[in-house]
């Protein structure tokens with residue numbers, strides 16, 4: 001039986017037929033026809049009548065422009081010819097055939113004639129004030145004068161050279177005039193505006209807690225008369241936080257000599273004020289303690305060791321009114337902060353040479369000796385002579401008759417650290433001292449340390465070759 005043919009109509013062509021008949025486009029571009037129609041409209045030619053109208057309007061506009069330019073040229077030539085005269089240019093003697101300057105075509109000459117005449121105008125004469133003329137003649141005078149002539153004018157260059165010579169003479173006279181003395185500095189006066197600004201800065205610093213310092217305050221270390229400006233801000237009224245920030249600023253900016261003045265005038269006074277036992281305090285409170293920010297400020301000042309020793313430690317030890325509490329706090333700063341060996345040696349030598357003795361001096365010597373630095377023999381000898389001062393049975397100073405325990409502790413530390421750096425005579429002298437100035441618990445230890453050390457041998461031929 002033959003195969004039944006399906007007579008149902010297919011909904012679309014087979015795939016191979018569609019691929020062969022298709023152009024490869026997935027979507028027809030409908031806008032293309034619109035664009036092409038618009039382009040065809042633009043490319044259409046204008047008819048002859050419209051073209052004639054357009055050209056006629058262009059000719060009329062060009063004729064109007066040319067007419068305006070001709071009228072302007074004629075009026076300019078008439079105005080120039082009426083103002084100028086040929087004799088003004090010195091060309092009366094020229095012949096008609098001669099020309100002035102390069103030759104031009106007649107057309108170009110007509111076009112440029114008006115523009116050349118426009119550059120010249122009549123010069124109006126003004127009356128000059130005689131005083132102004134005399135002043136101008138003083139500075140601008142081309143006449144030559146002799147050096148001894150009194151009528152020679154003073155020019156601006158002469159004034160500038162005179163100022164330069166005056167500055168050179170001031171610099172040759174030396175720095176004594178530029179640096180005022182203490183009496184002259186007291187009479188220094190500041191402008192009223194500067195005083196007003198830094199009084200307000202002082203008020204801000206009295207309430208300062210944290211944050212940035214005023215910009216006007218930051219420039220004080222760069223001023224030549226910074227001490228006078230700093231005095232206007234009233235450092236005694238600053239908050240402790242402001243003292244700490246100011247110490248960082250001045251110690252890092254100023255030199256060691258200038259930093260010494262800041263430490264002496266600001267930090268030392270605030271240190272004594274904070275620990276003054278006579279100052280009023282709240283009832284029931286304990287002894288006065290140093291503020292934490294002031295303690296940090298003193299530690300920061302030790303980063304300039306010379307300024308710290310000369311501006312704080314030595315004046316405190318020499319004052320004679322330094323209490324033991326003040327000495328302990330100052331010594332703790334020396335203990336916690338590293339001090340260069342040379343500065344420590346110089347401070348030891350200075351402290352051992354003080355004529356006046358007090359307990360704080362022995363405390364400072366003990367702390368510096370306990371740093372275990374290798375000291376020069378000159379410093380070691382100075383410390384030995386300091387202890388040998390107390391060999392007399394009856395000292396003239398009452399403070400030296402009954403020596404405090406701090407003195408014995410300082411001698412013990414010296415014997416422990418530097419017993420091998422003293423000579424035989426110095427050791428015998430120290431043994432004689434502890435026979436007179438003795439302590440029941442400390443003196444036996446001092447004697448044991450001195451006896452166990454090897455004396456220093458001084459070779460007289462050590463430097464000979």
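Numbering (UniProt numbering), first residue to last: 1 to 465.
The beta-carbon is built from N, C-alpha and C at its ideal position, and this holds for glycine as well.
Source: prediction; values computed, not measured.
Exercise. Any chance you could list the alpha helix (DSSP H) runs of at least 4 consecutive residues sitting entirely within the stretch 304-367, in chain order?
Key: Correct list: 305-308, 314-318, 324-336, 341-352.
Quiz item: Since residue 383 and residue 430 are thought to touch, with beta carbons under 8 Å apart, how far apart are those beta carbons, to the nearest angstrom?
Solution: Indexing the chain shown from 1 puts residue 383 at position 383. Indexing the chain shown from 1 puts residue 430 at position 430. At roughly 10 Å, the Cβ-Cβ gap does not stay under 8 Å, so residue 383 and residue 430 are not in contact.
Quiz item: Based on Cα-Cα distance, which residue from 267, 224, 221 lies nearest to residue 243?
Solution: Here residue 243 refers to the residue found at position 243 of the chain shown. The shortest C-alpha separation from residue 243 is found at 267.
Quiz item: In its own chain, which residues sit with a C-beta less than 6 Å from the C-beta of residue 353, not counting the 5 before and 5 after it?
Solution: Locating residue 353 in the chain shown gives position 353, where the first residue counts as 1. Within the same chain, residue 353 has no close Cβ partners at all.
Quiz item: With DSSP run on the structure shown, which of helix, strand or coil describes residue 195?
Solution: Locating residue 195 in the chain shown gives position 195, counting from the first residue. Looking at residue 195 - three-state DSSP - the assignment turns out to be helix.
Quiz item: Quick one: what does DSSP say residue 402 is sitting in, helix, strand or coil?
Solution: For the purposes of this step, residue 402 is taken as the residue at position 402 of the chain shown. In this structure, residue 402 counts as coil in the three-state DSSP scheme.
Quiz item: Is the beta carbon of residue 272 less than 8 Å from the beta carbon of residue 311?
Solution: The residue labelled residue 272 in the question sits at position 272 within the chain shown. The residue labelled residue 311 in the question sits at position 311 within the chain shown. It is not a contact, given that the beta carbons lie outside the stated cut-off.
Self-check item: For residue 408, the nearest candidate out of 420, 321, 417, 438 (CA to CA)
Solution: Here residue 408 refers to the residue found at position 408 of the chain shown. For the options 420, 321, 417, 438, the alpha carbon positioned closest to that of residue 408 is the one of 438.
Quiz item: Got a sec? Which residues, its chain only, sit under 8 Å from residue 229 by beta carbon, not counting five neighbours each side?
Solution: Within the chain shown, the letter at position 229 stands for residue 229. The answer, listed in chain order, is 190, 194, 198, 220, 223.
Quiz prompt | Neighbourhood of residue 373 by C-beta, 8 Å cutoff - its chain only, sequence neighbours within 5 removed | solution = Residue numbering aside, residue 373 sits at position 373 when the chain shown is read from its first letter. Once the five neighbours on either side are set aside, the close Cβ partners of residue 373 are 341, 344, 345.
Quiz item: Would DSSP call residue 72 helix, strand or coil?
Solution: As a position in the chain shown, residue 72 is number 72, starting the count at 1. Three-state DSSP puts residue 72 in a helix.
Practice problem: Measure the C-alpha to C-alpha separation of residue 313 and residue 421 and round it to an integer number of angstroms. | Solution: In the chain shown, the residue the question calls residue 313 occupies position 313. In the chain shown, the residue the question calls residue 421 occupies position 421. Rounded to the nearest whole angstrom, the C-alpha separation of residue 313 and residue 421 is 27 Å.
Practice problem: Assign residue 21 to one of three DSSP states: helix, strand, or coil. | Solution: As a first step, residue 21 must be located in the chain shown, where it is residue number 21. Reduced to three states, the DSSP call for residue 21 is helix.
Quiz item: How many angstroms separate the CA atom of residue 402 from the CA atom of residue 321?
Solution: For the purposes of this step, residue 402 is taken as the residue at position 402 of the chain shown. For the purposes of this step, residue 321 is taken as the residue at position 321 of the chain shown. Answer to the nearest angstrom: the Cα atoms are 18 Å apart.
Practice problem: Return yes when the Cβ of residue 270 is within less than 8 Å of the Cβ of residue 239, no when it is not. | Solution: Looking up residue 239 in the chain shown gives position 239. Looking up residue 270 in the chain shown gives position 270. 8 Å or more divides the Cβ of residue 239 from the Cβ of residue 270.
Quiz item: In three-state terms, what does DSSP make of residue 395?
Solution: Reading the chain shown from its first residue, position 395 is the one you call residue 395. Interpretation of residue 395 is limited by its pLDDT of 49, a score under 50 that renders its predicted location unreliable; the figure taken from the coordinates is listed afterwards. Residue 395 falls in the coil class under three-state DSSP.
Quiz item: Helix or strand or just coil, what does DSSP make of residue 209?
Solution: Working through the chain shown from its first residue, we reach residue 209 at position 209. In the structure shown, residue 209 falls within a coil segment according to DSSP collapsed to helix, strand and coil.
Quiz item: Helix, strand or coil: how does DSSP classify residue 66 here?
Solution: The count along the chain shown starts at 1 and reaches residue 66 at position 66. Under the three-state reduction of DSSP output, residue 66 falls in the helix class.
Practice problem: With distances taken Cα to Cα, identify the nearest neighbour of residue 328 among 349, 295, 357. | Solution: Counted from its first residue, the chain shown places residue 328 at position 328. Checking every option, the nearest Cα to that of residue 328 belongs to 295.
Practice problem: Starting from the Cα of residue 202, find the closest Cα among 214, 432, 19 and give me that residue. | Solution: Taking the chain shown and counting its residues from 1, one reaches residue 202 at position 202. It is 214.
Quiz item: By DSSP, does residue 108 sit in helix, in strand, or in coil?
Solution: One-based indexing of the chain shown puts residue 108 at position 108. A caution first: residue 108 carries a pLDDT of 47, below 50, which makes its placement in the model unreliable, though a value can still be read off. Of the three classes helix, strand and coil, the one that applies to residue 108 here is helix, per DSSP.
Quiz item: Does the Cβ of residue 18 have 16 or more other Cβ atoms within 10 Å, making it buried, or fewer, making it exposed?
Solution: Residue numbering aside, residue 18 sits at position 18 when the chain shown is read from its first letter. Result: exposed.
Quiz item: With a CB to CB cut of under 6 Å and the five nearest residues on each side skipped, what residues in its chain are close to residue 254?
Solution: Within the chain shown, residue 254 is the residue found at index 254, counting from 1. Taken in chain order, the residues that qualify are 221.
Quiz item: Could you give the residue range of the alpha helix (DSSP H) that holds residue 373?
Solution: Position 373 of the chain shown, counting from 1, holds the residue named residue 373. Careful: residue 373 lies outside any alpha helix (DSSP H) and carries neither H nor E.
Practice problem: Answer yes or no: do residue 251 and residue 303 have a C-beta to C-beta separation smaller than 8 Å? | Solution: Along the chain shown, one-based indexing puts residue 251 at 251. Along the chain shown, one-based indexing puts residue 303 at 303. Yes, the pair counts as a contact, with Cβ atoms nearer than the cut-off.
Practice problem: Run the CB neighbour count on residue 379, radius 10 Å, all protein chains shown included, and call it buried at 16 or more, exposed below. | Solution: One-based indexing of the chain shown puts residue 379 at position 379. Residue 379 should be labelled buried.
Quiz item: How is the alpha helix (DSSP H) around residue 236 delimited, first residue to last?
Solution: Stepping through the chain shown from its first residue, residue 236 is reached at position 236. Per DSSP, residue 236 belongs to no alpha helix (DSSP H) and is neither H nor E.
Quiz item: Between which two residues does the alpha helix (DSSP H) harbouring residue 12 extend?
Solution: By 1-based counting over the chain shown, the position of residue 12 is 12. From DSSP, residue 12 is part of no alpha helix (DSSP H); its letter is neither H nor E.
Practice problem: Decide if residue 418 is buried, meaning its Cβ has at least 16 other Cβ atoms within 10 Å, or exposed. | Solution: To locate residue 418, count along the chain shown from 1; it is residue 418. By the neighbour-count rule (16 or more Cβ atoms within 10 Å), residue 418 is buried.
Exercise. Just the C-alpha distance for residue 71 and residue 59, rounded to the nearest angstrom, thanks.
Key: Position 71 of the chain shown, counted from the start, is the residue given in the question as residue 71. Position 59 of the chain shown, counted from the start, is the residue given in the question as residue 59. Near 19 Å, if we compare the C-alpha coordinates of residue 59 and residue 71.
Practice problem: Evaluate residue 298 with the Cβ neighbour count: other Cβ atoms within 10 Å of its Cβ, from every protein chain shown; 16 or more gives buried, anything less gives exposed. | Solution: As a working mapping, residue 298 is identified with position 298 in the chain shown. That one is buried.
Quiz prompt | Own chain residues within Cβ distance below 6 Å of residue 165, not counting five before or after | solution = As a working note, residue 165 is residue 165 in the chain shown. Excluding positions up to five away in sequence, the list is empty.
Quiz item: What number of angstroms, rounded off, separates the C-alpha of residue 399 from the C-alpha of residue 167?
Solution: The residue given as residue 399 occupies position 399 in the chain shown. The residue given as residue 167 occupies position 167 in the chain shown. Caution applies to residue 399, whose pLDDT of 49 falls short of 50 and renders its modelled position unreliable; the value that the coordinates give is listed next. Cα to Cα, residue 399 sits roughly 57 Å from residue 167.
Self-check item: Cβ-based neighbour list, residue 204, same chain, cut-off 7 Å, excluding 5 preceding and 5 following
Solution: The count along the chain shown starts at 1 and reaches residue 204 at position 204. For residue 204, same chain residues with a beta-carbon under 7 Å away, outside a window of 5 residues either side, are 214 in chain order.
Quiz item: What three-state label does DSSP hand residue 468 in the structure shown?
Solution: The question about residue 468 has no answer here: the residues shown for the chain are numbered 1 through 465.
Quiz item: Can the beta-carbon of residue 375 be found less than 8 Å from the beta-carbon of residue 348?
Solution: Counting from 1 along the chain shown, the entry for residue 375 is found at position 375. Counting from 1 along the chain shown, the entry for residue 348 is found at position 348. In this structure, residue 348 lies closer than 8 Å to residue 375 by Cβ.
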